[in-house]
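Following: one structure in structure tokens, then a few remarks.
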RNA sequence: CGGGGCGUGGCUCAGCCUGGUAGAGCGCACGGUUCGGGACCGUGAGGUCGGAGGUUCGAAUCCUCUCGCCCCGACCA
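Residue numbers (the working numbering): 4 to 585.
Following this line, the structure appears as structure tokens:
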């Protein structure tokens, strides 16, 4: 393409609406433009990039036996009612009515549509396994679209579905997909981790989440430095060094602690109670089975609570810290002097039922110090077993960087931010059961098809690729998804010699099978260099003064280094570089 | 849905507090000088100040309502 006629509206300044790096660069490089919150148009550069990503997805899906479909984005409510998700999903689904008043929706995903095809057409185990996929637009009315292409309301997704006659088949299909996913992300130049994840409302037994490390991400991930342990912080655990407590007094002893409000206060002189010798008592109000209930969360003094773990542990749909009045009403003291010893009695006195959940890290601890439920007083010599009525032991603690890996002996955990880029699920028979997709087995029995579902967000890959591959000057596209392999920059378009040499190079490179962008604009060289860096083409050939010596410059965008190359060698040179991986 | 911020030429912003009829830089058009890391000079085009209502002789500016966008939280297969 000739830049002079190609639409690449680059921006010199950061747009006011963009916060994260990938968002700024996508806009500045003329890749996309925003239409509305969470809705973006792909400009020509963006379309080329998306097509590259989609082609990689297609190749790797085909490589594991995938067959590409193209399904409707507009669905009748009926199939969603059959699967039960019409009512299970809330405002996140775009719903509408047709002219006759029939309920319809815009597809957020395609389990229902694929299952509807499967139930009509798949009859026998002999037809299985099937691996079906499509690359299609999806609609989700996100409560909060954000960060450019990271959280969108309409986006492109590669979604694949596998159909097996039994669970063993699904296990194999699942592994095939997981391996394909590894290749896809590696090919796209995205560093990723695979983490255990919960299936959520998708249903099913097992799921793996693929995440890309970036500070723009929304999840926290813990990975082991030496083994392959990786988990979302909502699930991650770690190994703690065992603490041997001294035998304390036969019963807890109360002592005055005027002005002491925090764990740190009590750790200082004159008290000198180490944080890990203290019990942290947090009062929450949890919604359990629709009812609000007070719950005490107990942790070691130096351990932070993870609210999602906490909510999961007690089966709550929501948790919130209790208000100061609620705390005083419940325990008779204010935050800073709270404890679980005798807390149940205190609560009963006000006719409240209190649940006490303690973190595993407190198991078997003795001679601990905690609040006395009396302002400005604490008690010491508390033995968990003996002195506190714990209803439930659970993993409530937030794992931190540097702690020991729970799976291997030598590794430590590293915690970082990441974004979800893919998710694979073993669905099982959730959809085949509810929608009646059955096949006959070899011995003539009718069984529900065992399904898997596998999704990758195209925009998420693009976002992750930029987040992980950029510098102060702009994007640095991985070669696999770059909109152009090479850009030919003619430093001065009015110089006939340069122009001719550039044009010839443009033709020659294209003939060699490369995708070439020719910067033939009537701009100063500096502007062209800045723009080339910004849009991130991996290689730039500068056609300038050295053309007198039959020489051009080859600039490596990533290494930021250039070398002189003779005109006779340049095509071969670039061909070798640009078509090599990564 | 809760909290915060912002809507003024294509872009980035000033003006608003203290009402007097709209500005700068970039970009764009034309002319000239430049020409290897976002040049310079001159001339010019381009804005219902998000929208509606109100107060006022007069509203970008004050008041009310409303729409949109961004950020934090909640939420999120």
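The beta carbon of each residue, even a glycine, is placed where N, CA and C say it ideally should be.
Predicted, not measured: the structure shown is a model, and the values here were computed from it.
Handout entry: Simplified DSSP assignment, three categories, for residue 118
Key = Position 115 of the first chain, counted from the first residue, corresponds to residue 118. For residue 118, the secondary structure class from DSSP, reduced to helix, strand or coil, is helix.
Handout entry: C-alpha gap between residue 415 and residue 240, whole angstroms
Key = Residue mapping note: residue 415 aligns to position 412 of the first chain, counting from 1. Residue mapping note: residue 240 aligns to position 237 of the first chain, counting from 1. Roughly 11 Å separates the two Cα atoms.
Handout entry: Chain-order list of residues whose beta-carbon lies under 8 Å from that of residue 359 (same chain, five-residue window excluded)
Key = For the purposes of this step, residue 359 is identified with residue 356 of the first chain, where counting begins at 1. Only 298, 299, 301, 343, 346, 347, 391, 392, 393, 394 and 395 meet the Cβ criterion.
Exercise for the section: Check whether the Cβ atoms of residue 484 and residue 560 sit closer than 9 Å, and answer yes or no. Expected result: Here residue 484 corresponds to residue number 481 of the first chain, with the count starting at 1. Here residue 560 corresponds to residue number 557 of the first chain, with the count starting at 1. One thing to note: residue 484 has its Cβ no nearer than 9 Å to the Cβ of residue 560.
Practice task
Report buried or exposed for residue 42, applying the criterion of at least 16 other Cβ atoms within 10 angstroms of its Cβ.
Solution key: The residue you call residue 42 lines up with position 39 of the first chain. By the neighbour-count rule (16 or more Cβ atoms within 10 Å), residue 42 is not buried but exposed.
Practice task
Could you pull out every residue in the same chain whose Cβ sits closer than 8 Å to the Cβ of residue 421, ignoring the five residues on either side in sequence?
Solution key: Mapped onto the first chain, residue 421 falls at position 418. 196, 214, 215, 216, 217, 220, 222, 223 and 224, listed in sequence order.
Exercise for the section: Can you give me the Cβ contacts of residue 277 inside the same chain, cut-off strictly under 7 Å, excluding the 5 residues immediately before and after it? Expected result: Residue numbering aside, residue 277 sits at position 274 when the first chain is read from its first letter. So the list reads 270, once near-sequence residues are dropped.
Handout entry: residue 373 versus residue 252 - alpha carbon distance
Key = Taking the first residue of the first chain as 1, we reach residue 373 at position 370. Taking the first residue of the first chain as 1, we reach residue 252 at position 249. Whole-angstrom Cα-Cα distance: 15 Å.
Exercise for the section: Could you tell me if residue 175 is buried or exposed, where buried requires 16 or more neighbouring beta carbons within 10 angstroms of its beta carbon? Expected result: For this step, residue 175 is matched to residue 172 along the first chain. The Cβ neighbour count for residue 175, taken over all protein chains shown within 10 Å, is under 16; the residue is labelled exposed.
Problem - the region 4-18 touching the region 448-455, judged by at least three CB pairs closer than 8 Å - result: Because the criterion of three Cβ pairs below 8 Å is not met, the region 4-18 and the region 448-455 do not touch.
Practice task
Can you give me the start and stop residues for the alpha helix (DSSP H) that residue 47 sits inside?
Solution key: Locating residue 47 in the first chain gives position 44, counting from the first residue. Residue range 47-66 is occupied by the alpha helix (DSSP H) that includes residue 47.
Exercise for the section: Verify whether the separation of the beta carbon atoms of residue 410 and residue 255 is less than 9 Å. Expected result: Here the question's residue 410 lines up with position 407 in the first chain. Here the question's residue 255 lines up with position 252 in the first chain. No; because the gap between Cβ atoms is not below 9 Å, this pair is not in contact.
Practice task
Could I get the ranges of all uninterrupted beta strand (DSSP E) runs contained in the region 119-151, with 3 residues as the minimum, in chain order?
Solution key: Taking 3 residues as the shortest admissible run, the region 119-151 contains the following complete beta strand (DSSP E) segments, listed from N- to C-terminal end: 133-142.
Problem - Whether residue 90 touches residue 115 by CB criterion (9 Å) - result: As a first step, residue 90 must be located in the first chain, where it is residue number 87. As a first step, residue 115 must be located in the first chain, where it is residue number 112. No, Cβ-Cβ distance for residue 90 and residue 115 is not below 9 Å.
Practice task
Would you mind sorting residue 475 into buried or exposed? The rule is 16 or more other CB atoms within 10 Å of its CB.
Solution key: Residue mapping note: residue 475 aligns to position 472 of the first chain, counting from 1. Burial call: exposed.
Practice task
Go through its chain and collect everything with a Cβ distance to residue 362's Cβ below 6 Å, but skip five positions before and after it.
Solution key: The sequence position of residue 362 within the first chain is 359, counting from 1. Taken in chain order, the residues that qualify are 302, 399 and 400.
Handout entry: Nearest residue (CA-CA) to residue 160, options 166, 168, 137 and 6
Key = The count along the first chain starts at 1 and reaches residue 160 at position 157. Measuring C-alpha to C-alpha distances from residue 160 to each of 166, 168, 137 and 6 identifies 137 as the nearest.
Exercise for the section: Indicate whether the contact test is met: 3 or more Cβ pairs, each with one atom in the region 491-499 and one in the region 456-470, closer than 8 Å. Expected result: Because the criterion of three Cβ pairs below 8 Å is not met, the region 491-499 and the region 456-470 do not touch.
Exercise for the section: Can you say whether residue 4 is buried or exposed, counting buried as having 16 or more other CB atoms within 10 angstroms of its CB? Expected result: Residue mapping note: residue 4 aligns to position 1 of the first chain, counting from 1. Per the 10 Å Cβ criterion, buried.
Practice task
Could you check the C-alpha separation between residue 233 and residue 417 for me, to the nearest Å?
Solution key: Numbered from its first residue, the first chain carries residue 233 at position 230. Numbered from its first residue, the first chain carries residue 417 at position 414. Looking at the backbone, the Cα of residue 233 and that of residue 417 are separated by about 9 Å.
Practice task
Could you have a look at residue 259 and say whether DSSP puts it in helix, strand or coil?
Solution key: Within the first chain, numbered from 1, the residue matching residue 259 stands at position 256. In this structure, DSSP gives residue 259 an extended state, which the three-state scheme calls strand.
Practice task
Under the assumption that residue 371 contacts residue 282 (Cβ atoms under 8 Å), give the Cβ distance between them as a whole number of angstroms.
Solution key: On the first chain, residue 371 is found 368 positions in, with the first residue counted as 1. On the first chain, residue 282 is found 279 positions in, with the first residue counted as 1. Between residue 282 and residue 371 the Cβ distance is about 5 Å, and since that is below 8 Å, they are a contact.
Practice task
Buried or exposed for residue 323, please, with buried defined as at least 16 other CB atoms from any protein chain shown within 10 angstroms of its CB.
Solution key: Translated into the one-based positions of the first chain, residue 323 becomes position 320. By the 10 Å Cβ count, residue 323 comes out exposed.
Practice task
Quick one: grab the DSSP three-state call for residue 416.
Solution key: Within the first chain, the letter at position 413 stands for residue 416. Correct three-state label for residue 416: strand.
Exercise for the section: Taking 8 Å as the threshold, find out whether the region 145-163 comes into contact with the region 48-61 through three or more Cβ pairs. Expected result: Yes: at least three Cβ pairs fall under 8 Å.
Problem - Same chain, Cβ closer than 6 Å to residue 226, five either side skipped, listed in chain order - result: Here residue 226 refers to the residue found at position 223 when the first chain is read from its first residue. Result list for residue 226: 196, 233 and 417, in chain order.
Handout entry: Secondary structure of residue 37, DSSP reduced to three states
Key = What you label residue 37 is simply residue 34 of the first chain in a count that begins at 1. Reduced to three states, the DSSP call for residue 37 is strand.
Problem - the region 542-551 in contact with the region 501-521 per 3-pair CB rule at 8 Å - result: Yes, the region 542-551 touches the region 501-521.
Exercise for the section: Please determine, among 403, 331 and 376, the residue with the shortest C-alpha to C-alpha distance to residue 307. Expected result: On the first chain, position 304 is the one that residue 307 refers to. If you compare the alpha carbons of 403, 331 and 376 with that of residue 307, the shortest gap goes to 403.
Handout entry: C-beta contact flag for residue 520 and residue 540 at 9 Å
Key = Here residue 520 is taken as the residue at index 517 of the first chain, counted from 1. Here residue 540 is taken as the residue at index 537 of the first chain, counted from 1. Yes, the pair counts as a contact, with Cβ atoms nearer than the cut-off.
Problem - DSSP-derived helix/strand/coil call for residue 543 - result: On the first chain, residue 543 is found 540 positions in, with the first residue counted as 1. Strand, per DSSP.
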